[in-house]
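Novice: Right, I'll just put the structure down here and ask away after.
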Amino acid sequence: MKTYLFGVSRLLEKLSRGGYLREFRVEGLFDNAREKQGEKKWGFTIEPPTFYDSDIKIVITVKELYHMAMIHQLLDMGYRKFTTFHAVSDGRYEKVEYDYSQYDYEHDKNSLVLLYLEHRSYSNICALTYLKEAGYLNCYDFRLKLFLADARDPDFYYDLIAARYIITEREWNLFHLEEVSAEVIQIWHGFPLKTMERMRKEYAEMEDSYIVKNWKQFKYILSYGLNYTVFLCSCYSTLQKQYVVTGMPRNDLLYLVNGKENLGQKFPACKDKKVVIYMPTFRLLDGRADGSDDGYLFYWNDFDAEKLQDFCRKQNLYFLFKLHPCDVSKVSGWCEESDCMGILTDEMLGESCMYEYLNAADVLITDYSSVYFDYMLLDRPIIFTDSDAGSYESNRGFIVEPLDFWRPGPVVHTWGKLKEELEAFCAGEDLFRVKRQQLMPFVHRYQDSTSSQRLLDFMKRNQEEPIHAANM
Numbered sequence: 066m067k068t069y070l071f072g073v074s075r076l077l078e079k080l081s082r083g084g085y086l087r088e089f090r091v092e093g094l095f096d097n098a099r100e101k102q103g104e105k106k107w108g109f110t111i112e113p114p115t116f117y118d119s120d121i122k123i124v125i126t127v128k129e130l131y132h133m134a135m136i137h138q139l140l141d142m143g144y145r146k147f148t149t150f151h152a153v154s155d156g157r158y159e160k161v162e163y164d165y166s167q168y169d170y171e172h173d174k175n176s177l178v179l180l181y182l183e184h185r186s187y188s189n190i191c192a193l194t195y196l197k198e199a200g201y202l203n204c205y206d207f208r209l210k211l212f213l214a215d216a217r218d219p220d221f222y223y224d225l226i227a228a229r230y231i232i233t234e235r236e237w238n239l240f241h242l243e244e245v246s247a248e249v250i251q252i253w254h255g256f257p258l259k260t261m262e263r264m265r266k267e268y269a270e271m272e273d274s275y276i277v278k279n280w281k282q283f284k285y286i287l288s289y290g291l292n293y294t295v296f297l298c299s300c301y302s303t304l305q306k307q308y309v310v311t312g313m314p315r316n317d318l319l320y321l322v323n324g325k326e327n328l329g330q331k332f333p334a335c336k337d338k339k340v341v342i343y344m345p346t347f348r349l350l351d352g353r354a355d356g357s358d359d360g361y362l363f364y365w366n367d368f369d370a371e372k373l374q375d376f377c378r379k380q381n382l383y384f385l386f387k388l389h390p391c392d393v394s395k396v397s398g399w400c401e402e403s404d405c406m407g408i409l410t411d412e413m414l415g416e417s418c419m420y421e422y423l424n425a426a427d428v429l430i431t432d433y434s435s436v437y438f439d440y441m442l443l444d445r446p447i448i449f450t451d452s453d454a455g456s457y458e459s460n461r462g463f464i465v466e467p468l469d470f471w472r473p474g475p476v477v478h479t480w481g482k483l484k485e486e487l488e489a490f491c492a493g494e495d496l497f498r499v500k501r502q503q504l505m506p507f508v509h510r511y512q513d514s515t516s517s518q519r520l521l522d523f524m525k526r527n528q529e530e531p532i533h534a535a536n537m
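Using the working numbering, the letters of the sequence shown map in sequence onto residues 66 to 537.
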């Protein structure tokens, strides 16, 4: 097979001097620079890469910054096998072979969907993967593929170049965005209770963050409903026409997964007990504390672990902590030998996500975590706890008001009051059910298990005839 070197560059000279090209039978040179085309080098005339020959092997001889653009160009021409060289250290280079001949590139340009996973705890990408593998989704002719943020597997370039859609629930911050022709769909990871970006009090427009700039490039953004759209437009300077109201894929798991069974496999002691999950929001971000970062895990100044355990044993409750990884060590000692307390860590979740366990909770306790907006779909009691609403409002701020309207449950500040609310729950009382039902339409347009399917239906319709998201 003949070898053509693509890129007459400084790197080509270094590779030649270092002996990296000796194994190749070079029979031609490609370069995109018009000023180089027609010149002679090593006895070859430098040519523009304008033709395809199945008998030609392509070796890319420019630095890594340009690899994606050049591979994109070659794929469009028909080439499927490439060799590149990556700088290692001390002037050494590593050869990397790419073989994309097993893929149908022309088909993938209309059907490949990358599920861009950064953190499993956010759950939307995990939910789509779970539901696809469990057979709940009609994926049409889409090829859904998990794309790990921290992995550079051999298909990295192909996936980004060929993808029709990229779905993310974080910032889309990979380089070479100009080479990605896919439409990027933002799912995000929670209904906002707290201010974000442009709605933060200390935000300075002259220092517009890369996050706000990043959001403007999303072709579509999934939404719970109009209020969510308004909130996120305010935070990220996005346009209403970017939003598609489908509901959130992770919430399908609340209806379709047996969380009790999943949790029982992790914590056998919770079987045949009512489960209470405590999920407070994390306060320290980028070195900045929101509200009180000292003792916020336990707002109740009259609390101790023995009181909680005694109460749980009497009421046949299992108390489960789900905390930020930075806070796990603060309660792990209590839970190690307990028959009625446990802590669910990210390590324990492994390849699964929190929403595969969330519907195991018979009651949720939280402070300002947006998880309760999703939990509302289960129509179960929610208890709120805080001691720093004033400082949190002054420091971080809330995007909704009045706060009490948006928190459909009792707010407790002491262990004694929390104990009373849990006793009422155990006695079958649910005094806030009507309030939850009143709030529901402000949050969720859809209250069912088909948010993921609505997303795929939208993608399919858009694939056939591009439509404005605002029409959804």
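No residue lacks a Cβ here, since even glycine has one placed at the ideal position from N, Cα and C.
1. According to DSSP, simplified to helix, strand and coil, what is Val465?
2. Determine, using beta-carbon pairs with one atom in the stretch 411-421 and one in the stretch 162-179, whether at least three such pairs fall under 8 angstroms.
3. Does the beta-carbon of Leu213 have 16 or more other beta-carbons within 10 angstroms, so that it is buried, or is it exposed?
4. Please report the distance separating the alpha-carbon of Asp118 from that of Ser514.
5. Let me know the secondary structure DSSP gives Val245 once reduced to three states.
6. Taking 7 angstroms as the threshold (C-beta atoms), are Ile286 and Gln305 in contact?
7. What runs of the alpha helix (DSSP H), each 4 residues or longer, lie entirely inside the stretch 286-312?
8. Exposed or buried, Met313, counting other C-beta atoms within 10 Å across all chains shown (16 or more means buried)?
9. Can Val310 and Arg526 be called in contact, C-beta distance under 7 angstroms?
10. Nearest by alpha-carbon distance to Pro113: which of Gly72, Leu76, Ala134 is it?
11. Less than 6 angstroms between C-beta atoms, sequence neighbours within five positions excluded: which residues of the same chain meet that for Asn97?
12. Counting only the same chain and skipping the five closest in sequence on each side, list residues whose C-beta sits under 8 angstroms from that of Tyr383.
13. Our contact map puts Met135 next to Val124 with C-beta atoms below 8 angstroms; I'd like the distance itself, whole angstroms only.
14. How should Phe523 be labelled, buried or exposed, when 16 other C-beta atoms within 10 angstroms of its C-beta is the threshold for buried?
15. Can you give me the Cβ contacts of Leu520 inside the same chain, cut-off strictly under 6 angstroms, excluding the 5 residues immediately before and after it?
16. Does the distance from the CB of Thr194 to the CB of Lys122 come in under 7 angstroms?
17. Where does His151 fall in DSSP's three states?
18. What three-state label does DSSP hand Gln167 in the structure shown?
19. Taking the alpha-carbon of Met264 as reference, which of Ala228, Val436, Val508, Val295 has the nearest alpha-carbon?
20. Quick one: what's got a C-beta closer than 7 angstroms to Ser288's C-beta in the same chain, skipping five residues either side?
21. Between Ile250, Lys79, Gln102, Tyr420, which has its C-alpha nearest His151's C-alpha?
22. Determine the closest residue to Glu326 out of Glu421, Gln503, Val91, Ala454, with distance taken between C-alpha atoms.
23. Taking the beta carbon of Asn424 as the centre, do at least 16 other beta carbons fall within 10 Å, making it buried, or is it exposed?
24. For a quick check, are the C-beta atoms of Ile250 and Leu180 less than 7 angstroms apart?
25. How many whole angstroms separate the CB atoms of His254 and Asn189, which I take to be in contact at a CB cut-off of 8 angstroms?
26. Please determine if the stretch 198-207 and the stretch 425-436 are in contact, where contact requires at least 3 C-beta pairs separated by less than 8 angstroms.
27. Measure the CB-CB distance between Leu318 and Ala192 and report whether it falls below 7 angstroms.
28. Excluding sequence positions up to five away, which residues of its chain have a Cβ less than 7 angstroms from the Cβ of Trp399?
29. Use the C-beta contact count for Glu486: other C-beta atoms within 10 angstroms, 16 or more gives buried, fewer gives exposed.
Specialist: Once the coordinates are examined:
1. Here the question's residue 465 lines up with position 400 in the sequence shown. Reduced to three states, the DSSP call for Val465 is coil.
2. no
3. Taking the first residue of the sequence shown as position 1, residue 213 is located at position 148. Exposure of Leu213 is indicated by the presence of fewer than 16 other C-beta atoms within 10 angstroms of its C-beta.
4. Locating residue 118 in the sequence shown gives position 53, where the first residue counts as 1. Locating residue 514 in the sequence shown gives position 449, where the first residue counts as 1. Their Cα atoms are separated by approximately 50 angstroms.
5. Looking up residue 245 in the sequence shown gives position 180. Three-state result, Val245: coil.
6. Counting from one through the sequence shown, the residue named residue 305 turns up at place 240. Counting from one through the sequence shown, the residue named residue 286 turns up at place 221. Going by C-beta atoms, Gln305 is not nearer than 7 angstroms to Ile286.
7. 291-301
8. In the sequence shown, the residue the question calls residue 313 occupies position 248. So Met313 counts as buried.
9. As a position in the sequence shown, residue 310 is number 245, starting the count at 1. As a position in the sequence shown, residue 526 is number 461, starting the count at 1. Not closer than 7 angstroms, so no.
10. As a position in the sequence shown, residue 113 is number 48, starting the count at 1. If we check each option's Cα against that of Pro113, Gly72 comes out closest.
11. Counting from one through the sequence shown, the residue named residue 97 turns up at place 32. The answer is none, since no qualifying residue turns up.
12. Against the sequence shown, residue 383 aligns to sequence position 318. Cβ within range, chain order: Phe332, Ala334, Cys335, Lys338, Lys339, Val340, Val341, Cys377, Cys405, Met406, Gly407.
13. Mapped onto the sequence shown, residue 135 falls at position 70. Mapped onto the sequence shown, residue 124 falls at position 59. Wrong, their Cβ atoms sit about 11 angstroms apart, outside the cutoff.
14. Stepping through the sequence shown from its first residue, residue 523 is reached at position 458. It counts as buried.
15. Numbered from its first residue, the sequence shown carries residue 520 at position 455. Here the set comprises Thr311.
16. Counted from its first residue, the sequence shown places residue 194 at position 129. Counted from its first residue, the sequence shown places residue 122 at position 57. Cβ atoms of Thr194 and Lys122: not closer than 7 angstroms.
17. Here residue 151 refers to the residue found at position 86 when the sequence shown is read from its first residue. Residue state, collapsed to three classes: strand.
18. For the purposes of this step, residue 167 is taken as the residue at position 102 of the sequence shown. Note: Gln167 maps to coil in three-state DSSP.
19. For the purposes of this step, residue 264 is taken as the residue at position 199 of the sequence shown. Per the C-alpha coordinates, the member of Ala228, Val436, Val508, Val295 positioned closest to Met264 is Val295.
20. Taking the first residue of the sequence shown as 1, we reach residue 288 at position 223. Cβ neighbours of Ser288 beyond the five flanking positions: Thr294, Tyr308, Val309, Val310.
21. Within the sequence shown, numbered from 1, the residue matching residue 151 stands at position 86. Answer by Cα proximity: Lys79.
22. Position 261 of the sequence shown, counting from 1, holds the residue named residue 326. Comparing Cα-Cα distances from Glu326 to each of Glu421, Gln503, Val91, Ala454, the minimum goes to Glu421.
23. Here residue 424 refers to the residue found at position 359 of the sequence shown. With 16 or more other Cβ atoms within 10 Å, it is buried.
24. Locating residue 250 in the sequence shown gives position 185, where the first residue counts as 1. Locating residue 180 in the sequence shown gives position 115, where the first residue counts as 1. For Ile250 and Leu180, no; Cβs fall outside 7 angstroms.
25. In the sequence shown, residue 254 corresponds to position 189, counting from 1. In the sequence shown, residue 189 corresponds to position 124, counting from 1. The C-beta distance from His254 to Asn189 rounds to 7 angstroms, short enough to fall under 8 angstroms.
26. no
27. Counted from its first residue, the sequence shown places residue 318 at position 253. Counted from its first residue, the sequence shown places residue 192 at position 127. In terms of Cβ geometry, Leu318 and Ala192 form a close pair [threshold 7 angstroms].
28. Residue mapping note: residue 399 aligns to position 334 of the sequence shown, counting from 1. Result list for Trp399: Ala370, Met406, in chain order.
29. Indexing the sequence shown from 1 puts residue 486 at position 421. Buried, because 16 or more other Cβ atoms sit within 10 Å of the Cβ of Glu486.
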